[in-house]
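For the sequence shown, the numbering used here assigns the number 524 to the last residue and increments by one with no breaks.
Where a beta carbon is used, it is the ideal one built from N, C-alpha and C, also for glycine.
See structure below.
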Amino acid sequence: MLWFIASTVLAACMATGMIFIRMRAAKKPASIKKIILPPLFMSTGAFMFIFPIFRVSWSQVIEALLVGVLFSIFLIRTSKFEVRGEDIYLKPSKSFIAILFGLLILRIILKLVIGQTISFGETSGMFFLLAFGMILTWRLAMLRQYIRLEKTITKQQAVEKV
């Protein structure tokens, strides 16, 4: 139970941190590097699977990743870019905060349910995969949207020069 409380508090702190990071990010131009780096950094967490306690079956891997992809839809819907001058910015979304905390509450409920049937280590592994699937899908969608917008800007600049 102590692990559950500690991991829930940590997840709440991370969600709060994400909100502040997102608010700061809206003040600076976006870039491909800023979109790609978070899932790349998070991928290092996969080293947890070196330890047998965190290992999960392939069916659990697929389940966790699919749930993460489903959860990412909410983040994708609230992540829009806008052009200011010649730069591309992430548009602030008021619903992002509500969605992030909603996903956190849903994760806690899922953790309570799943934690009753599988070990703490397996639950941790599955929730890492869920979060990674969610962030990777979200960031790939953002990257696609960013590149499209960047191409549109480049075409407009080329037309203006002619």
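Residue i and residue j look like a contact to me (Cβ under 8 Å); what is the Cβ gap, rounded to whole Å?
i	j	result
Ile397	Tyr508	6 Å
Trp500	Ile438	6 Å
Val418	Ile515	In fact, because the Cβ distance is near 43 Å, the residues do not count as touching under 8 Å.
Ile459	Ile381	5 Å
Figure out for me which residue from the options has the closest Cα to the Cα of residue i.
i	options	result
Leu466	Ala368, Ala374, Leu364, Phe366	Ala374
Phe403	Val431, Ile497, Ala387	Ile497
Phe433	Leu468, Gln478, Ser393, Arg386	Leu468
Thr479	Ala503, Ile450, Gln422, Lys523	Gln422
Lys389	Met504, Ala408, Phe443, Ile459	Phe443
Ala387	Ile424, Ile515, Met376, Ser441	Ser441
Thr370	Met380, Leu474, Leu505, Met385	Leu474
Ala392	Ala408, Ile450, Ile424, Leu492	Ile450
Gly379	Leu462, Leu452, Ile515	Leu462
Leu492	Ala408, Val445, Met385	Ala408
Trp420	Gln518, Glu484, Met504	Glu484
Ile394	Lys523, Gln518, Leu502, Glu522	Leu502
CA-CA distance, residue i and residue j?
i	j	result
Ile383	Ala520	34 Å
Ile415	Gly487	9 Å
Ala368	Ile470	12 Å
Phe482	Leu511	43 Å
Phe413	Gly447	50 Å
Met410	Phe489	12 Å
Met385	Leu505	19 Å
Glu425	Lys513	36 Å
Met376	Glu522	44 Å
Gly536	Ser457	Because the chain here runs from 363 to 524, residue 536 falls outside it and cannot be looked at.
What first and last residue would you give for the beta strand (DSSP E) that runs through residue i?
i	result
Phe443	442-446
Closer than 8 Å, CB to CB, is residue i near chain C or not?
i	result
Ile381	No chain C is part of this structure, which consists of one protein chain only.
Since residue i is in the alpha helix (DSSP H), which residue starts that stretch and which ends it?
i	result
Lys396	394-404
Lys453	Note, Lys453: premise wrong, no alpha helix (DSSP H); beta strand (DSSP E) at 449-453.
Ser481	No alpha helix (DSSP H) contains Ser481, which DSSP labels as neither H nor E.
Met385	364-387
Lys390	Element bounds for Lys390: n/a, residue is neither H nor E.
Arg469	456-476
Val429	420-439
How about the region 414-432 and the region 485-496: do they share at least three Cβ pairs that are nearer than 8 Å? yes
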